[in-house]
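A short write-up of the structure that comes next.
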Amino acid sequence: MPRMLKTILVLALMSVPAWPQRPALACTVCLALPENSLADRLLSASVIVLAAPAPDDPFRYAPVGLLKGSWDEVADLPQIPFLVDSSTRNALRADPDRVVLMIYGPGRRDKAGRAFDQSWTKGFLMTPQRADFIAEVQAQGQGWRLDGSRSAERAAFFAAYLSSGDRLLRNTALIELHRAPYAAVRGLRDAAATPDLLRDLRSLNRVAYAPATIRLLGLQSDPAAAEAVRTVYPKAVATGGFNLREWALAGIEIDGDQALNTIQEALTASPLSPKDRQAIIAALIDGGDAMPEHRGKILDIFVGEIARDQSTAGQIALATRDWGDDTLAPALRALLADPQIDPATAFAIRVALPSGQ
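First residue of the sequence shown? That's -17 in the working numbering, and the numbers climb one at a time after it.
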């Protein structure tokens, strides 16, 4: 991070009242989590090898062990393109028996999850704990599906690594729990230590993991976690900003109907941007999917939202069609009668409405 930008960030954080007691609302720098998790790469790989500096060139990697695939396949693959950097070289000098994980498999994926090329990706220096982790992912992950049909099982597997002393494994767990459907994660109460979550939120180096951290904070049962969420979510839903979806959902978990009333008021009275409104709607959909007891109140909020902005109607209609409640039907039918309705919105509503409505 450039020195000037880092200085600005530090000054901004120092200006937050009672900073040590409050989790970060946001950060000026947005850091995205990887598109494909480590587990995705391991499970989709065609070849996984352990590599060490080549005997004839200490700056180049050569395979010395095989975890997936065959040696015939390895022989047909392009050479591992990565150079042995100085930090890795120092680690290997201290322990010549250590090796580095290398994965050959799908690279960039499109929005449908399709990969169009294969390449080497560099993993990490191996440890006994990381070796056990890879073996467990390969053994248990064969049943995990991209369609999310076993997402709760996958989430529970990774939740066990939230307390790992290996930061790489803990980060992997956070990525997985952020990507999982909320309904699959909600049963993981107190899966992490609240002090660890609050420490992550206050760290500039952990900004990328804030969405997962906030999600887990809402699932803690201790008063410190509830206080942290209550300190942030009312202002977040009223003013918008980073991690809004996660803060709104954490608020619903902690305060239930009280949080939903706060959200309803914000949607009605606050000058939120379209992006922020979409984030709140997404949080309400997540909440309704995972918490049936709140669906009635959430649907009432959606009735008002559809009346204010029909551009959200299609998303809401499709997301709630399996909730077993026809509260939205009159408002949706009224929109279909509007000759100015957007064709895509009209199509989504027709798909969502039960036949005959």
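Where is the CB? At the ideal position from N, CA and C, for every residue including glycine. No experiment lies behind these values; they were computed from the predicted model shown.
In chain order, A141, L144 place their CB closer than 6 angstroms to the CB of A173, counting only its own chain and leaving out the 5 sequence neighbours on each side. Scanning R303, S293, R277, G125 for the CA closest to the CA of L317 turns up S293. When secondary structure is reduced to three states using DSSP, I62 falls in the coil class, being assigned neither helix nor strand. Inside the stretch 259 to 321, DSSP marks no whole beta strand (DSSP E) run of 3 or more residues. For A174, there is no enclosing alpha helix (DSSP H), as DSSP marks it with neither H nor E.
By the Cβ neighbour-count rule, K257 is exposed, with fewer than 16 other Cβ atoms within 10 Å of its own. The way I'd put it, the stretch 19 to 28 doesn't touch the stretch 164 to 184; fewer than three beta-carbon pairs between them come closer than 8 angstroms.
Taking M84 as reference, the option from A73, S68, P60, A76 with the minimal CA-CA separation is P60. Within the same chain, T244 come within 7 angstroms of P216 by CB-CB distance, once the 5 residues on both sides are set aside. By the neighbour-count definition (other C-beta atoms within 10 Å, threshold 16), E247 is an exposed residue.
With fewer than three CB-CB distances shorter than 8 angstroms, the stretch 175 to 186 does not count as touching the stretch 216 to 226.
The closest CA to that of I262, considering only I298, L156, S101, is found on I298.
Per the coordinates, the alpha-carbon of D67 lies some 15 angstroms from the alpha-carbon of T103.
Between the alpha carbons of I62 and L151 lies a gap of roughly 24 angstroms.
Per the coordinates, the alpha-carbon of L48 lies some 20 angstroms from the alpha-carbon of T70. The beta carbon of G269 lies closer than 7 angstroms to those of L231, I234, H276, I280 in the same chain, with the five residues before and after it left out. Of the candidates Y164, R112, A121, Y164 places its Cα closest to the Cα of A137.
Under the Cβ criterion (8 angstroms, minimum of three pairs), the stretch 218 to 228 counts as touching the stretch 187 to 205. DSSP assignment within the stretch 179 to 253 yields the following whole alpha helix (DSSP H) runs of 4 residues or more, N-terminal first: 192 to 199, 205 to 221, 226 to 237, 239 to 251. When DSSP states are grouped into helix, strand and coil, V81 belongs to the coil group. Distances from the alpha-carbon of L335 to those of N72, V81, T309, P321 put T309 closest.
With fewer than 16 neighbouring CB atoms inside 10 Å of its own CB, F41 falls in the exposed class.
Assigned with DSSP and collapsed to three states, I30 falls in strand. Shown here for A36: same chain residues with a beta carbon closer than 7 angstroms to its own, the five before and five after excluded, namely R42, Y43, A44 in chain order.
Close CB contacts of L300 within its chain, under the 6 angstroms cut and outside five residues either way in sequence, are with A330, A334 (chain order). Following the DSSP letters along the chain, one finds R42 inside the beta strand (DSSP E) bounded by residues 39 to 50.
Per DSSP, reduced to three states, the secondary structure at Y86 is strand. Taking C-alpha positions only, G200 is separated from V82 by approximately 37 angstroms. Taking C-alpha positions only, N72 is separated from T221 by approximately 48 angstroms. For G296, the closest alpha carbon among the candidates L65, A311, D307 is that of A311.
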